[in-house]
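These protein sequences, in sequence, are chains V and G.
The first sequence lines up with residues 62 to 592 when you count with the numbering used here.
The second sequence lines up with residues 62 to 592 when you count with the numbering used here.
Here a beta-carbon is modelled for each residue, glycine too, at the ideal position from N, C-alpha and C.
There are 2 protein chains.
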Amino acid sequence: MRRRSWWGWGWEDQAVGGNDLAAIAAAIAKRPGFENLDGEIANPPSPDDLDLRRPRIEAPPSIGAHTSAGNHDRASHSLGKAFRDVVRALAGDVTHPPDLVAYPSTEEHVVELLDWCASANVAAIPYGGGSSVVGGIEPRFADGGDGDFAGVVSIDLTGLDRVLEVDTVSRAARIQGGALGPVLEEQLKAHDYTLRHFPQSFEFSTLGGWLATRSGGHYATVYTHIDDLVESMRVVTPAGISESRRLPGSGAGPSPDRLFLGSEGSLGIITEAWMRVQDRVKFKASVSARFPTLQHAAEACRAIAQSALFPTNCRVLDGGEATSAGVIDGSSLLLVGFESADHPVDTLAQRAVELVTDHGGTVPDGIRSSSTEGAAGAWRNSFIRAPYGRDALTRLGIVVDTFETACTWADFPNLHAEVTAALTKAMDEVCGGGSITCRFTHVYPDGPAPYFTVMAPGRRGSQLAQWDELKAAAGDALLAAGGTITHHHAVGRDHHRWYDRQRPQPFAAALKAAKHALDPAGVLNPGVIVG
Amino acid sequence: MRRRSWWGWGWEDQAVGGNDLAAIAAAIAKRPGFENLDGEIANPPSPDDLDLRRPRIEAPPSIGAHTSAGNHDRASHSLGKAFRDVVRALAGDVTHPPDLVAYPSTEEHVVELLDWCASANVAAIPYGGGSSVVGGIEPRFADGGDGDFAGVVSIDLTGLDRVLEVDTVSRAARIQGGALGPVLEEQLKAHDYTLRHFPQSFEFSTLGGWLATRSGGHYATVYTHIDDLVESMRVVTPAGISESRRLPGSGAGPSPDRLFLGSEGSLGIITEAWMRVQDRVKFKASVSARFPTLQHAAEACRAIAQSALFPTNCRVLDGGEATSAGVIDGSSLLLVGFESADHPVDTLAQRAVELVTDHGGTVPDGIRSSSTEGAAGAWRNSFIRAPYGRDALTRLGIVVDTFETACTWADFPNLHAEVTAALTKAMDEVCGGGSITCRFTHVYPDGPAPYFTVMAPGRRGSQLAQWDELKAAAGDALLAAGGTITHHHAVGRDHHRWYDRQRPQPFAAALKAAKHALDPAGVLNPGVIVG
Numbered sequence: 062m063r064r065r066s067w068w069g070w071g072w073e074d075q076a077v078g079g080n081d082l083a084a085i086a087a088a089i090a091k092r093p094g095f096e097n098l099d100g101e102i103a104n105p106p107s108p109d110d111l112d113l114r115r116p117r118i119e120a121p122p123s124i125g126a127h128t129s130a131g132n133h134d135r136a137s138h139s140l141g142k143a144f145r146d147v148v149r150a151l152a153g154d155v156t157h158p159p160d161l162v163a164y165p166s167t168e169e170h171v172v173e174l175l176d177w178c179a180s181a182n183v184a185a186i187p188y189g190g191g192s193s194v195v196g197g198i199e200p201r202f203a204d205g206g207d208g209d210f211a212g213v214v215s216i217d218l219t220g221l222d223r224v225l226e227v228d229t230v231s232r233a234a235r236i237q238g239g240a241l242g243p244v245l246e247e248q249l250k251a252h253d254y255t256l257r258h259f260p261q262s263f264e265f266s267t268l269g270g271w272l273a274t275r276s277g278g279h280y281a282t283v284y285t286h287i288d289d290l291v292e293s294m295r296v297v298t299p300a301g302i303s304e305s306r307r308l309p310g311s312g313a314g315p316s317p318d319r320l321f322l323g324s325e326g327s328l329g330i331i332t333e334a335w336m337r338v339q340d341r342v343k344f345k346a347s348v349s350a351r352f353p354t355l356q357h358a359a360e361a362c363r364a365i366a367q368s369a370l371f372p373t374n375c376r377v378l379d380g381g382e383a384t385s386a387g388v389i390d391g392s393s394l395l396l397v398g399f400e401s402a403d404h405p406v407d408t409l410a411q412r413a414v415e416l417v418t419d420h421g422g423t424v425p426d427g428i429r430s431s432s433t434e435g436a437a438g439a440w441r442n443s444f445i446r447a448p449y450g451r452d453a454l455t456r457l458g459i460v461v462d463t464f465e466t467a468c469t470w471a472d473f474p475n476l477h478a479e480v481t482a483a484l485t486k487a488m489d490e491v492c493g494g495g496s497i498t499c500r501f502t503h504v505y506p507d508g509p510a511p512y513f514t515v516m517a518p519g520r521r522g523s524q525l526a527q528w529d530e531l532k533a534a535a536g537d538a539l540l541a542a543g544g545t546i547t548h549h550h551a552v553g554r555d556h557h558r559w560y561d562r563q564r565p566q567p568f569a570a571a572l573k574a575a576k577h578a579l580d581p582a583g584v585l586n587p588g589v590i591v592g
Numbered sequence: 062m063r064r065r066s067w068w069g070w071g072w073e074d075q076a077v078g079g080n081d082l083a084a085i086a087a088a089i090a091k092r093p094g095f096e097n098l099d100g101e102i103a104n105p106p107s108p109d110d111l112d113l114r115r116p117r118i119e120a121p122p123s124i125g126a127h128t129s130a131g132n133h134d135r136a137s138h139s140l141g142k143a144f145r146d147v148v149r150a151l152a153g154d155v156t157h158p159p160d161l162v163a164y165p166s167t168e169e170h171v172v173e174l175l176d177w178c179a180s181a182n183v184a185a186i187p188y189g190g191g192s193s194v195v196g197g198i199e200p201r202f203a204d205g206g207d208g209d210f211a212g213v214v215s216i217d218l219t220g221l222d223r224v225l226e227v228d229t230v231s232r233a234a235r236i237q238g239g240a241l242g243p244v245l246e247e248q249l250k251a252h253d254y255t256l257r258h259f260p261q262s263f264e265f266s267t268l269g270g271w272l273a274t275r276s277g278g279h280y281a282t283v284y285t286h287i288d289d290l291v292e293s294m295r296v297v298t299p300a301g302i303s304e305s306r307r308l309p310g311s312g313a314g315p316s317p318d319r320l321f322l323g324s325e326g327s328l329g330i331i332t333e334a335w336m337r338v339q340d341r342v343k344f345k346a347s348v349s350a351r352f353p354t355l356q357h358a359a360e361a362c363r364a365i366a367q368s369a370l371f372p373t374n375c376r377v378l379d380g381g382e383a384t385s386a387g388v389i390d391g392s393s394l395l396l397v398g399f400e401s402a403d404h405p406v407d408t409l410a411q412r413a414v415e416l417v418t419d420h421g422g423t424v425p426d427g428i429r430s431s432s433t434e435g436a437a438g439a440w441r442n443s444f445i446r447a448p449y450g451r452d453a454l455t456r457l458g459i460v461v462d463t464f465e466t467a468c469t470w471a472d473f474p475n476l477h478a479e480v481t482a483a484l485t486k487a488m489d490e491v492c493g494g495g496s497i498t499c500r501f502t503h504v505y506p507d508g509p510a511p512y513f514t515v516m517a518p519g520r521r522g523s524q525l526a527q528w529d530e531l532k533a534a535a536g537d538a539l540l541a542a543g544g545t546i547t548h549h550h551a552v553g554r555d556h557h558r559w560y561d562r563q564r565p566q567p568f569a570a571a572l573k574a575a576k577h578a579l580d581p582a583g584v585l586n587p588g589v590i591v592g
């Protein structure tokens with residue numbers, strides 16, 4: 062059976078290795094600034110060889126049958142999939158493993174688990190696909206330690222993975238929170254439906270995880286976050302089960318769902334949701350436009366975002382990012398894609414081309430009828446493979462990471478300049494050089510969601526400390542320039558200090574009070590969202 | 062200077078009177094079931110003649126300059142604009158007037174007012190345009206009485222009515238919460254922008270009121286609620302000012318704005334918001350389609366709602382409602398309108414016509430290039446005038462009201478049947494007959510927002526008791542059939558008992574805790590949202 066990597070991204074068998082890894086090492090060594098890499102390749106230890114501390118707790122008999130204290134289970138639930146997780150896993154540095162991993166297969170199991178955790182002072186970390194890149198599922202509490210808990214249980218929800226009901230009239234489906242992307246799509250396909258929520262982590266993240274972290278998906282406009290596809294949610298909290306009505310819209314008080322969306326496991330565990338699903342796409346049209354500069358591409362993108370043409374894809378790539386789409390002349394790209402299950406979209410694409418041309422862009426390939434071809438297709442494949450490449454670079458001793466934000470169109474040029482300058486300075490000081498590239502993942506009428514990729518030569522053994530400095534420079538620059546610490550990667554533990562600075566303090570106080578009402582023992586994902 | 066009606070809808074000079082009123086009375090008397098109306102016309106007392114109880118409190122000198130204890134001010138801030146408000150005003154039944162009306166003209170005034178209210182145990186009712194139809198701004202507290210407060214101040218925010226800043230790059234504007242619809246549109250027009258939020262109450266409601274009640278506006282799809290046009294908000298709470306960042310999107314924790322949207326003055330007073338504004342519309346296309354039954358029209362409407370054509374208008378009218386659009390053969394109507402500031406919308410309208418035809422509809426007038434003409438235009442004018450007509454009917458002793466909901470497409474046929482049956486039965490028992498009609502105001506891929514209008518012959522002096530019974534029948538039927546007690550009229554005091562039944566109880570507990578954190582003295586709009 063195919064196995065998930067305990068230390069890195071995705072499938073074990075997809076990790077870059079052998080000749081591919083050697084080729085990457087050789088290519089990287091030729092890049093300016095990267096000449097002094099030591100040529101070593103870090104290899105992950107086997108989880109069986111990890112000297113994990115002994116479990117401090119034991120589950121009561123009623124729960125014990127659904128739990129494991131095995132090394133592989135505990136090691137693979139200790140860390141997320143961020144750069145800093147991979148570095149630590151490669152070093153065998155797993156200092157805060159969960160004491161137990163629970164595998165509930167029914168909602169009753171979840172209720173029992175939370176009851177036990179609350180009564181026994183055991184921290185409960187909801188775990189979906191484990192793809193957090195912000196320390197969201199890591200048992201690391203106050204001051205980076207264990208907190209005052211008797212122990213920690215990681216609650217792996219992937220046993221709750223069924224599409225329970227499909228409403229073909231309202232085009233909605235009731236889906237369990239632990240369903241991984243491909244697992245729920247497979248079940249929806251039997252009804253000719255799709256959720257069409259495709260974050261980069263699609264294969265390795267769950268519906269509940271998407272909802273808990275306000276995941277950003279396939280749609281570049283309108284339905285950018287998973288939030289917009291929710292009809293109702295069912296959440297197990299220590300104070301009882303919170304289930305909202307199936308309503309397409311409501312004006313009855315503040316939205317109950319919006320309290321739990323983005324709560325990152327701190328308020329409850331999402332066991333089910335009614336989701337708006339989509340008919341399968343029949344019509345597509347896409348445009349790959351080139352621009353002399355990033356700002357030219359951004360201006361055209363703004364015009365499209367403000368046009369109400371509602372493209373499904375609307376992605377800007379700067380000159381550096383464009384190379385992965387096969388464009389190597391330094392041009393910035395704007396990839397615009399339309400799709401519909403109902404009607405041809407060529408007219409919309411034609412108007413997008415007009416807007417591109419008005420803003421100084423060229424469209425060498427014209428309008429394509431499928432968005433899976435051309436530069437967009439090349440870029441898409443590279444997008445899905447990127448985290449495996451990130452792991453390969455990490456093993457070579459490189460510091461590599463991505464971070465994302467959102468800001469107004471008015472703020473973007475300055476934010477881009479300030480973030481680039483701050484990172485360039487930090488990389489120079491800490492790593493002796495490096496590169497930073499930028500793309501837009503989603504766009505709104507009032508602003509884009511810029512996404513940055515940084516890559517710098519690391520020093521073996523100092524990668525984490527180097528990363529910490531780059532991350533601090535990035536976070537501070539983002540906030541100073543008017544952005545958010547995250548558009549769709551979530552807050553977790555790694556973003557908390559910036560999150561706490563950016564949110565309104567009265568709101569933080571309200572949220573803390575709400576948390577105390579729902580989780581009086583404070584056992585749910587401690588330190589996340591409510592600090 | 063033109064004056065607002067203290068007792069009824071809108072402008073004093075627009076109230077139906079004289080020959081028009083007599084004509085309505087004559088026409089109504091011919092309708093089956095309405096033959097026994099007494100022919101009397103109730104006339105509102107002058108506010109100067111009302112024997113309002115003496116103010117129980119006096120504002121401290123620093124605040125006193127911005128307050129009034131005058132009869133007209135107090136009377137016109139005592140009641141909203143629902144049927145039951147008009148009946149009571151006509152009877153001079155103003156038993157719970159605010160002791161004072163405050164007219165802050167700066168945010169500092171608002172802060173001072175809330176500080177005073179919290180320290181002196183004075184209930185504070187935020188008042189925008191006063192168009193609530195759910196008892197949202199009425200000083201009626203525990204058990205319909207005065208509660209344990211020393212007094213009540215109604216805080217009229219219409220002095221904070223400026224567009225403070227316009228960002229022409231991000232297409233957003235910073236607007237004060239007290240700006241009435243026409244006041245903010247006039248200021249935006251100077252920049253060639255429009256908010257395009259046009260609830261029926263547009264002239265008599267404010268931005269802050271829209272945000273606090275999750276108002277439903279112009280757009281029938283996508284941006285149905287004002288929520289969807291918000292970039293950031295600034296809210297004065299007793300625990301401090303909560304200001305969210307200007308972000309087009311964010312995934313950093315639960316949305317701060319979504320906590321205050323729909324809070325109806327119970328958590329704070331919205332003094333400013335950055336709103337996404339629109340370019341002025343250049344292209345329009347509209348379609349008026351006829352169907353043999355409501356369910357046929359609903360099916361076509363569903364197809365359009367699920368097509369992602371994103372019409373601006375997408376309104377179903379049953380045979381009864383269609384008469385106000387000049388269609389008197391019993392046909393149900395579907396009015397579909399597209400608009401754009403950027404591109405022609407004829408292709409979209411053509412596809413809508415195909416979907417109409419596929420579902421058994423006819424389009425006798427074809428596609429019109431302006432949505433202000435034809436049946437849609439006739440209906441629109443009648444829509445704006447409707448509340449004045451409601452006041453006229455009320456004066457004639459009729460029981461007349463509207464209520465709205467949302468449900469899934471799968472639930473709609475049953476909800477419509479159950480609500481119609483429950484109301485018909487209640488009207489028969491309580492009023493000896495009456496009529497009920499239905500339209501859709503907004504539609505979603507997963508369901509419509511049905512809006513019902515009821516009209517029954519009342520008994521002079523018993524109109525309120527009759528209304529209570531009809532309202533109870535309606536609310537119970539809506540909830541039993543899977544709907545929400547409100548899609549955009551809000552909760553206020555009149556909907557609270559159903560709201561409390563429909564929301565998840567853990568969420569209610571969380572909200573109560575959040576309220577206590579923000580308003581520890583419990584002075585903000587007591588009894589609303591947090592019961």
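Please confirm whether residue i and residue j have their CB atoms less than 8 Å apart.
i              : j              : result
V213 (chain G) : G450 (chain G) : no
V424 (chain G) : V417 (chain G) : yes
F259 (chain V) : G278 (chain V) : yes
A179 (chain V) : D217 (chain V) : no
L320 (chain G) : V291 (chain G) : no
N266 (chain V) : G190 (chain V) : In the sequence on display, residue 266 (chain V) carries Ser and not Asn. Contact: yes.
According to DSSP, simplified to helix, strand and coil, what is residue i?
i              : result
S129 (chain G) : strand
W72 (chain G)  : strand
E101 (chain G) : coil
F501 (chain G) : strand
C375 (chain G) : strand
E96 (chain V)  : coil
K91 (chain G)  : coil
Q339 (chain G) : strand
S231 (chain G) : coil
Going along the chain, which residues of its own chain have a beta-carbon closer than 6 Å to the beta-carbon of residue i, five neighbours each way excluded?
i              : result
D452 (chain V) : G69, W70 and V147
S248 (chain V) : Note on residue identity: the sequence assigns Gln, not Ser, to residue 248 (chain V). The answer, listed in chain order, is V224.
Excluding sequence positions up to five away, which residues of its chain have a Cβ less than 7 Å from the Cβ of residue i?
i              : result
V297 (chain V) : E168, V171, V172, L175, G329, I330 and T332
E530 (chain V) : A487 and V491
Between which two residues does the alpha helix (DSSP H) harbouring residue i extend?
i              : result
G145 (chain V) : Checking the sequence, you will find Arg at residue 145 (chain V) rather than Gly. Where R145 (chain V) is concerned, the enclosing alpha helix (DSSP H) stretches over F144 to L151.
A350 (chain G) : Counting along the chain, A350 (chain G) falls outside any alpha helix (DSSP H), though it belongs to the beta strand (DSSP E) covering F344 to F352.
Touching by the beta-carbon criterion (3+ pairs, under 8 Å), the segment 218–229 of chain V and the segment 249–260 of chain V: yes
How about the segment 354–362 of chain V and the segment 330–345 of chain V: do they share at least three Cβ pairs that are nearer than 8 Å? Contact fails: fewer than three Cβ-Cβ distances are below 8 Å.
Does the segment 117–135 of chain G touch the segment 201–215 of chain G, meaning 3 or more C-beta pairs lie closer than 8 Å? As far as the Cβ criterion goes, the segment 201–215 of chain G touches the segment 117–135 of chain G, which means the pair count is three or higher.
Pair every Cβ in the segment 544–559 of chain G with every Cβ in the segment 147–160 of chain G, then say whether three or more of these pairs are closer than 8 Å. Contact fails: fewer than three Cβ-Cβ distances are below 8 Å.
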